[in-house]
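Taking my numbering, the leading residue of the sequence shown gets 3, the next gets one more, and so forth.
For reference, the structure is listed below as structure tokens.
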Amino acid sequence: MTSLEEIFGPIIHQVTREDLVRDGILVDVSTLAAEAGLRFPVCVGRTVWDAYVEVPPGVIGQDETGRLWDILWMLAAAIRRGAVGDTIHFQVYVRNDNRRPRSVRLKAACSPGDSAEPVITILMPDED
Numbered sequence: 003m004t005s006l007e008e009i010f011g012p013i014i015h016q017v018t019r020e021d022l023v024r025d026g027i028l029v030d031v032s033t034l035a036a037e038a039g040l041r042f043p044v045c046v047g048r049t050v051w052d053a054y055v056e057v058p059p060g061v062i063g064q065d066e067t068g069r070l071w072d073i074l075w076m077l078a079a080a081i082r083r084g085a086v087g088d089t090i091h092f093q094v095y096v097r098n099d100n101r102r103p104r105s106v107r108l109k110a111a112c113s114p115g116d117s118a119e120p121v122i123t124i125l126m127p128d129e130d
């Protein structure tokens, strides 16, 4: 059997989930996620955070915790509906202006973490 190192050569550098959190590429939201019923550690990708968790300037009646809760709750609901596979697409309503909320699509991927434990990452539908 040929190993990956024999095919590609030695690993030069390995990026861990912990590195991505430390560098701000992922935001660890596991504490609030547990309150929403999610059993695995959860991170939100920076693109999702900037677009749908962070409150845009001038938008009233919104806060980051509430916006994040909506995302986590809708993910938990989608999982409870019987999602199959390691990736699930779900929708959440977000208000990024002072008008009506709009539906946005997100995806959550369950994959092995740094120690092969299951972790969830919430991303934009076109992100990996």
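Every residue gets a Cβ at the ideal spot worked out from N, C-alpha and C, and that includes glycine.
Item: Evaluate the contact criterion for the segment 93 to 102 versus the segment 111 to 128: three or more CB pairs, one atom per stretch, below 8 Å.; Value: no
Item: Given a threshold of 16 other Cβ atoms within 10 Å of its Cβ, counted over all protein chains shown, does G47 qualify as buried or as exposed?; Value: buried
Item: Would the beta-carbon of T67 fall within 9 Å of that of L34?; Value: yes
Item: Taking its Cβ as the centre, do 16 or more other Cβ atoms sit within 10 Å of E73, making it buried, or is it exposed?; Value: Sequence check: residue 73 is Ile here, not Glu. The residue is buried, with at least 16 neighbouring Cβ atoms inside 10 Å.
Item: Less than 9 Å between the C-beta atoms of Y54 and V17, yes or no?; Value: no
Item: First and last residue of the beta strand (DSSP E) that includes R104?; Value: 104 to 114
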